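Asker: Here it is, the structure in full.
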Amino acid sequence: PAATPSARAAAMRAAVRNHSRVSRDALIGAGMDRHLWVLQRMAAERGLAPPLFESEAYRRLSKIVISTSTLSSPALANGGFGPFHPDCFAVGYVIRADGCGGQIMTYQRDSTGFADCMVAAMREMRDVLHVDS
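Below, the structure is given as structure tokens:
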């Protein structure tokens, strides 16, 4: 919040570019988390437990707290997936020319509070980009 609106807009655009790169890598099987997951499964099939997969760093990397999915088909307008574990928020969303929408699913967590924070963040992003344009 202490940064100028232009600096905040530049930071947001950089984050979007990085997210796009990470998403693109994941779609083509080049995401490092996918490689690690496969290596862990291969080791487990052989009865091996490499120290990497027992580390706190790997446990933290593997714990998905927010899982998102684009609901681009009208058939999926009311969902299509759920949270991976009790601490996870599953966010299904759709982006259209006239706006965006979505839903949040979780196991007994504050989905309303999470939605309120998402709305506030989206409004803030809109305002930052509007000032900078």
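So the sequence shown is numbered by my numbering: it starts at -12 and just counts up by one. The beta carbon of each residue, even a glycine, is placed where N, CA and C say it ideally should be. These figures come from a predicted structure and were not determined experimentally.
1. How is the alpha helix (DSSP H) around residue 33 delimited, first residue to last?
2. For residue 56, which option in 37, 76, 80 has the closest C-alpha, if you only look at C-alpha atoms?
3. Excluding five sequence neighbours on each side, which residues of the same chain lie with their C-beta closer than 8 Å to the C-beta of residue 21?
4. When the Cα atoms are used, what is the spatial distance from residue 83 to residue 23?
5. Is the stretch 91 to 98 touching the stretch 71 to 79, taking contact as three or more C-beta pairs under 8 Å?
6. Compare the beta carbon distance of residue 116 and residue -11 with 8 Å and say whether it is the shorter of the two.
7. Report, in whole angstroms, the separation of the C-beta atoms of residue 78 and residue 51, which I expect to be a contact under 8 Å.
8. What does DSSP give as the partner residue(s) for residue -9 in the beta ladder?
9. Would you kindly check if the distance between the Cβ of residue 36 and the Cβ of residue 44 is under 8 Å?
10. Using a Cβ-Cβ cutoff of less than 8 Å, which residues in the same chain neighbour residue 126 once the five nearest sequence positions on both sides are dropped?
11. Classify residue 58 as buried or exposed, calling it buried when 16 or more other Cβ atoms lie within 10 Å of its own Cβ.
12. Less than 8 Å between the C-beta atoms of residue 112 and residue -1, yes or no?
13. Provide the residue(s) that pair with residue 53 in DSSP beta bridges, ordered along the chain.
14. Could you tell me the distance, in whole angstroms, from the CA atom of residue 101 to the CA atom of residue 2?
Answerer: So, to answer that:
1. No alpha helix (DSSP H) contains residue 33, which DSSP labels as neither H nor E.
2. 80
3. 13
4. 34 Å
5. yes
6. no
7. With 8 Å as the limit, residue 78 and residue 51 do not qualify as a contact, their Cβ atoms being about 11 Å apart.
8. In the DSSP output, where bridge partners are listed per residue, residue -9 has none listed.
9. no
10. The requested residue 126 does not occur in the structure, where the chain is confined to residues -12 to 120.
11. buried
12. yes
13. 76
14. 21 Å
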